[in-house]
Ligand SMILES: [Fe+2]
Ligand SMILES: [Fe+2]
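Residue numbers (the numbering used here): 2 to 474.
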């Protein structure tokens, strides 16, 4: 169906049917019974409206509004003996929540919003808005960039320049040079490779890499978009992070595109993290770090909360993205080196290019916060973080590679995690957690670096002109 993107109701909002009223033997609170009784007829009527709306492709906005108005509004309208069509179109209705399992009980019909607005009685909220709007303009002194801080700053978050962190702006500019979508990559050979050339143990690896990544990238998106971005007090940092949020969602689209194109069982792949403890464990470690800082009462002026936030950001950039993603793509790159699953591998190369920037940016922000706020992390917390991450990665690699495939083994995967872990720790200004770890996959850095001249396989070359200017790691 071709949507009119300028019409918010072009695609009717599906109504969720209320559950049928079930009279339980046990005593139910009166309010619950009331709700059930109120919603049941609404649902029937609403269903009729939905059908009508779907049959009429030329429905007017007002008529479409009818179909999307919450059940409570409909009840209200009937109570006032007013036909639904007579309700004036009000844009406020677009913001109204879609009814879910049951509409709220309406004790008393509220006056229509327009009537309130027109009446002489102003609500406290309206009075407050009017008072704010009536405040006279007072010229402000210019921004001093030195007032800016990564967190706990007092600068004007809406004013980009003058910069205090010009490097953050450079990250944003560079990120926009790596612009791509999964539709740019030819996936044709992957379909036959997966179904006709991969051995069962290679299919197992391929599927579980995707099963891990699908959930991980959503977690990465939620972390940066919901827990980190809101705490930044310099706009140049937030702007790159906004781009990062977009890129994480693009990565999720990429995995979904691979799963659909190759014809894998979508539901089974997505649910695997719920079934496989070795995948679930890594996700849960990320979830715990996210939950620790995504709470309304966190106060970054409190030293304990601040340390928790810095640890979480260090974990996500240094380990979750810096090791688990960096290392997580390598089994598919190993297949690519043998000429298999080249389309998926190329998709992962594009993702890798984004992730390398996320890692560098995140680590830089962490170091900046530690310097500005004088944060000293407890060495025991850092050690625990690395030990937990290594144990989880070890278990994951055993599950992924119960026996080696050509050119890749469990030991390679584990050792490479330790090697990359040391790199991230050095970048974070920390001691190496795994002294003496070897570079078990010397081709990985080169493979990750998708420059045209180093892309030795016969994938479709989608080198963007500006992409070669990016620096890696
Ligand atoms: Fe990502
Ligand atoms: Fe990322």
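Don't be surprised by glycine CBs; every beta carbon is placed ideally from N, CA and C.
By DSSP's criteria, residue i is part of a beta bridge. Which residues make up the other side?
{"i": "residue 406", "result": "409"}
Within 10 angstroms of the Cβ of residue i, are there 16 or more other Cβ atoms? Answer buried if so, exposed if not.
{"i": "residue 7", "result": "exposed"}
{"i": "residue 196", "result": "exposed"}
{"i": "residue 276", "result": "exposed"}
{"i": "residue 217", "result": "buried"}
{"i": "residue 183", "result": "buried"}
{"i": "residue 249", "result": "buried"}
{"i": "residue 180", "result": "exposed"}
{"i": "residue 407", "result": "exposed"}
{"i": "residue 405", "result": "exposed"}
{"i": "residue 237", "result": "buried"}
{"i": "residue 287", "result": "buried"}
{"i": "residue 225", "result": "buried"}
{"i": "residue 278", "result": "exposed"}
Go to residue i, then tell me how far its alpha helix (DSSP H) extends in each direction, as first and last residue.
{"i": "residue 14", "result": "Neither: residue 14 is in no alpha helix (DSSP H) and is coded neither H nor E."}
{"i": "residue 344", "result": "343-374"}
{"i": "residue 175", "result": "167-176"}
{"i": "residue 220", "result": "201-223"}
{"i": "residue 306", "result": "304-315"}
{"i": "residue 251", "result": "236-263"}
{"i": "residue 283", "result": "278-294"}
{"i": "residue 335", "result": "331-338"}
{"i": "residue 394", "result": "380-401"}
{"i": "residue 190", "result": "189-193"}
{"i": "residue 127", "result": "125-135"}
{"i": "residue 445", "result": "445-449"}
Just the Cα atoms here: how many angstroms apart are residue i and residue j?
{"i": "residue 310", "j": "residue 301", "result": "8 angstroms"}
{"i": "residue 266", "j": "residue 379", "result": "45 angstroms"}
{"i": "residue 162", "j": "residue 361", "result": "22 angstroms"}
{"i": "residue 1", "j": "residue 338", "result": "Outside the displayed span of the chain (2 to 474) sits residue 1, for which this structure offers no information."}
{"i": "residue 330", "j": "residue 354", "result": "12 angstroms"}
{"i": "residue 5", "j": "residue 14", "result": "14 angstroms"}
{"i": "residue 323", "j": "residue 314", "result": "11 angstroms"}
{"i": "residue 192", "j": "residue 343", "result": "10 angstroms"}
{"i": "residue 213", "j": "residue 316", "result": "17 angstroms"}
{"i": "residue 124", "j": "residue 133", "result": "14 angstroms"}
{"i": "residue 392", "j": "residue 231", "result": "32 angstroms"}
{"i": "residue 260", "j": "residue 372", "result": "43 angstroms"}
{"i": "residue 428", "j": "residue 346", "result": "27 angstroms"}
{"i": "residue 436", "j": "residue 423", "result": "7 angstroms"}
{"i": "residue 289", "j": "residue 283", "result": "10 angstroms"}
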